[in-house]
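Residue numbers (our numbering): 1 to 269. Note sheet for the following structure.
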Amino acid sequence: MLELAEGGGLVHIGVLHLWMEQSTEVMALTVGALFVAFALFLCWLTFASPLAPMMQNWKGVAPPFVGVPATLFGLLMTFLSQDVWDANRRAYREIAMEREQLTTLQALSENHGAAAGDLPAAIRGYVEAVIGLEWKAMENGEDSPEAEAALDRLTRAASAAKIESAFQRVLIDTVMKLRSAREERLGIAGAYPDDRKWAAVILIALISQISLAAVHLDRARPQLLAQAIFGAAAVVAIALVASVEEPYAPPKAVSSEPLEKLLEKLPAE
1 MLELAEGGGL
11 VHIGVLHLWM
21 EQSTEVMALT
31 VGALFVAFAL
41 FLCWLTFASP
51 LAPMMQNWKG
61 VAPPFVGVPA
71 TLFGLLMTFL
81 SQDVWDANRR
91 AYREIAMERE
101 QLTTLQALSE
111 NHGAAAGDLP
121 AAIRGYVEAV
131 IGLEWKAMEN
141 GEDSPEAEAA
151 LDRLTRAASA
161 AKIESAFQRV
171 LIDTVMKLRS
181 AREERLGIAG
191 AYPDDRKWAA
201 VILIALISQI
211 SLAAVHLDRA
221 RPQLLAQAIF
231 GAAAVVAIAL
241 VASVEEPYAP
251 PKAVSSEPLE
261 KLLEKLPAE
């Protein structure tokens, strides 16, 4: 399924998102099947197809030529993996930041007792909305209106708390930091996957297979062996990086456990 984003030329490949929802093993098998099929096609094209005689006239490509597309593939995979793992680090960091701000709000509300007003209930309501609704919505890069409403309620509760002005400023500042951490979390969830980067990586990998076929036009078996070795390396790299491409989506989603543990310490409404 292809969808064209409104007001721009960005193409979203729905099948890529579906592929990344699978387990690492399924992703590896899928990419492996693509490389195997392409290797067999190239072997047939160069040795058994009607175009084989013409292909044989291209013998003599120097083996070092393979390094050109292979190096490009390696560089693209390096940049892509850095982006992916940086996003995962940021995802974990924002969850830790969110939990830290919520813990601070909880401690302040407990220390001020009845003066804190609706603050304890508002904290619990926000955590429940994030865990119960927003975490699932983030799998599709979306937020939860209920979580937004709960955060607004928490903001109003912090503003309305009948405590010393100095402590109230701390409360409001903490809520603002909490809001910022949530926005960062949602921004990370909505930014992945980047179809263009993955399309470039896979296309360069296939071009690398073509270069391997071009320097092995003498015999079919060495050609297939060379492509098998390259394909195995490419499958491992692509599948492992793809399995963590979307930080808040299966199969390697960032867990909401830190917030769930915090929920256990919050008083029930």
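The C-beta atom is built at its ideal place from N, Cα and C for all residues, glycine as well.
If the five residues before and after Leu105 are omitted, its C-beta is found closer than 8 Å to the C-beta atoms of Leu119, Ile123, Leu154, Ala158, Leu171, Thr174, Val175, Leu178, all from its own chain and listed in chain order.
In the DSSP assignment, Arg182 falls within the alpha helix (DSSP H) that extends over 165-190. Of the residues Pro63, Gly141, Ala160, the one whose Cα lies closest to the Cα of Gly117 is Ala160.
If you ignore the 5 residues before and after Arg196, its C-beta comes within less than 6 Å of no other C-beta in its own chain. For the pair Met97 and Phe65, the Cα-to-Cα distance works out to about 49 Å. Excluding residues up to 5 positions away in sequence, Val127 lie with their Cβ nearer than 6 Å to the Cβ of Leu263 in the same chain. In the three-state reduction of the DSSP assignment, Pro222 falls in the helix class. At the C-beta level, Val244 and Val84 come within 7 Å of one another.
Apart from the 5 residues on each side of it in sequence, Ser49 has no Cβ closer than 6 Å to any other Cβ in its chain. Linking Leu108 to Glu100 through their CA atoms gives a straight-line distance of about 12 Å.
When the alpha-carbon of Val235 is set against those of Gly32, Pro251, Leu133, Val15, the nearest one is in Gly32.
Under the three-state reduction of DSSP, Trp58 is assigned to coil, being neither helix nor strand. Close CB contacts of Arg156 within its chain, under the 7 Å cut and outside five residues either way in sequence, are absent. Taking the Cα positions, Glu25 is about 29 Å away from Leu133. Straight-line measurement puts the Cα of Glu21 at about 28 Å from the Cα of Phe41. Here the alpha carbon of Glu164 sits roughly 20 Å from the alpha carbon of Leu102. Annotated as distal: Leu203 and Gln227, with beta-carbon spacing of 7 Å or more. Taking a contact as a CB-CB distance under 8 Å, the pair Gln56 and Leu224 does not count as one, their CB atoms being some 17 Å apart. For Gln209, the uninterrupted alpha helix (DSSP H) segment begins and ends at 195-214. Pairing Val130 with Ala149 gives a Cβ-Cβ distance that is not under 7 Å.
If the five residues before and after Leu266 are omitted, its C-beta is found closer than 8 Å to the C-beta atoms of Gln106, Pro120, Ile123, Arg124, Val127, all from its own chain and listed in chain order. Leaving aside the five residues that flank Trp19 on each side, the residues in its chain whose CB is nearer than 8 Å to its CB run, in chain order, Met27, Thr30, Ala242. A check of alpha carbon separations from Leu206 across Thr46, Pro69, Gly60 identifies Pro69 as the nearest.
When secondary structure is reduced to three states using DSSP, Gly125 falls in the helix class. Counting every other CB atom within 10 Å of its CB across the protein chains shown gives Phe35 a total of 16 or more, marking it as buried.
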